[in-house]
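Peer 1: Residue numbers for the sequence shown follow numbering that gives the first Met the number 0, so the first one is 0 and each next one is one higher. Where is the CB? At the ideal position from N, CA and C, for every residue including glycine. Values in this document were obtained by computation on a predicted structure and should not be read as measured data. Please find one structure pasted underneath; my questions will follow.
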Amino acid sequence: MNSIFAIPARKVLSSLCIAMLFASCFVFCFTVQDSFAKKSSDSAKQFRKTTYALSLLHDRFTGSQGVKEAARFIHDHFKADFSNHKSVKTGIQSFLLPVTHFKIGTLKRAGIINQQPVMLPPLRLNAVTPPTTTKEGITGHIIYVKNGDLVEFNGKDVQGAIVIMNLASGKNWVNAAQLGASALSTLMTGI
Numbered sequence: 000m001n002s003i004f005a006i007p008a009r010k011v012l013s014s015l016c017i018a019m020l021f022a023s024c025f026v027f028c029f030t031v032q033d034s035f036a037k038k039s040s041d042s043a044k045q046f047r048k049t050t051y052a053l054s055l056l057h058d059r060f061t062g063s064q065g066v067k068e069a070a071r072f073i074h075d076h077f078k079a080d081f082s083n084h085k086s087v088k089t090g091i092q093s094f095l096l097p098v099t100h101f102k103i104g105t106l107k108r109a110g111i112i113n114q115q116p117v118m119l120p121p122l123r124l125n126a127v128t129p130p131t132t133t134k135e136g137i138t139g140h141i142i143y144v145k146n147g148d149l150v151e152f153n154g155k156d157v158q159g160a161i162v163i164m165n166l167a168s169g170k171n172w173v174n175a176a177q178l179g180a181s182a183l184s185t186l187m188t189g190i
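Here it is, written out as structure tokens:
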């Protein structure tokens, strides 16, 4: 064959092999990608479901009922996931460690009989800050200073006062302390 259009059989065979290889890779890649996307989607759904279930538990600080429920929840999931593996043992390990126990504070106005006190749960920050209030409690007049900027204290008798400010006030609690407040309580507004 001396035609300019003639393609040697060897080149046709190698071209066909290369085309088959590309087609196989193309099909395989999309199959794997589709399978991976489905697994990824299932994982994301399971993650959201697990996160939601854990978020329904109460506070999960050390020593709380919520942390015990979370430990049981996680243990049950591990137990279910590894039930077919005889060499895997699951359990919950207990440790002795100090835990701060808080009592709920109350707020009530002096001189009013049969009033329902306002409950003041403690704020548990990421620091060891045990309460220092005596059994007798703290008495004083109450002032509200929004975000606790110095201008908010203008014209208010801060000395010995119980200052209430928004939780999103940053380090402005220092202003109340420097001006002589006897206590500070925060509100969840402004977050």
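In whole angstroms, give me the CA-to-CA distance for Ile-112 and Ile-163.
Peer 2: 24 Å
Peer 1: For a minimum of 4 consecutive residues, which ranges assigned as the alpha helix (DSSP H) are wholly contained in the segment 59–85?
Peer 2: List check, alpha helix (DSSP H) in window: 64–80.
Peer 1: Assuming contact is defined by CB atoms lying nearer than 7 Å, are Ile-91 and Ala-70 in contact in what I supplied?
Peer 2: yes
Peer 1: If I follow the unbroken alpha helix (DSSP H) through Ala-182, where does it start and stop?
Peer 2: It is not in any alpha helix (DSSP H) - Ala-182 instead sits in the beta strand (DSSP E) that spans 182–186.
Peer 1: With Val-173 as the anchor, note down where its alpha helix (DSSP H) starts and where it stops.
Peer 2: Boundaries of the alpha helix (DSSP H) harbouring Val-173: 172–177, taken from the DSSP string.
Peer 1: Is Ala-109 buried or exposed, if buried means 16 or more other CB atoms sit within 10 Å of its CB?
Peer 2: exposed
Peer 1: Quickly, what does DSSP pair Ile-137 with across the bridge? List them, please.
Peer 2: DSSP output for Ile-137 lists no bridge partner at all.
Peer 1: For Glu-151, count neighbouring Cβ atoms within 10 angstroms of its own Cβ and tell me buried if that reaches 16, exposed if not.
Peer 2: buried
Peer 1: Can you tell me the Cα-Cα spacing of Leu-53 and Lys-155, whole angstroms?
Peer 2: 44 Å
Peer 1: For a test of the three-state rule: what should DSSP assign to Val-194, helix, strand or coil?
Peer 2: What the structure shows of the chain is the stretch from 0 to 190, and residue 194 is not part of that stretch, so it cannot be assessed.
Peer 1: If you draw a straight line from the C-alpha of Ala-79 to the C-alpha of Gly-62, how long is it?
Peer 2: One C-alpha to the other measures close to 25 Å.
Peer 1: For Leu-106, write down the residues that DSSP places opposite it in a beta bridge.
Peer 2: Val-117
Peer 1: What is the residue span of the beta strand (DSSP E) that Ile-163 lies within?
Peer 2: 161–165
Peer 1: Determine the contact status of Asn-174 and Asn-146, defining contact as a CB-CB distance below 7 Å.
Peer 2: no
Peer 1: Can you grab the Cα-Cα spacing for the pair Ser-181 / Glu-135, in whole Å?
Peer 2: 14 Å
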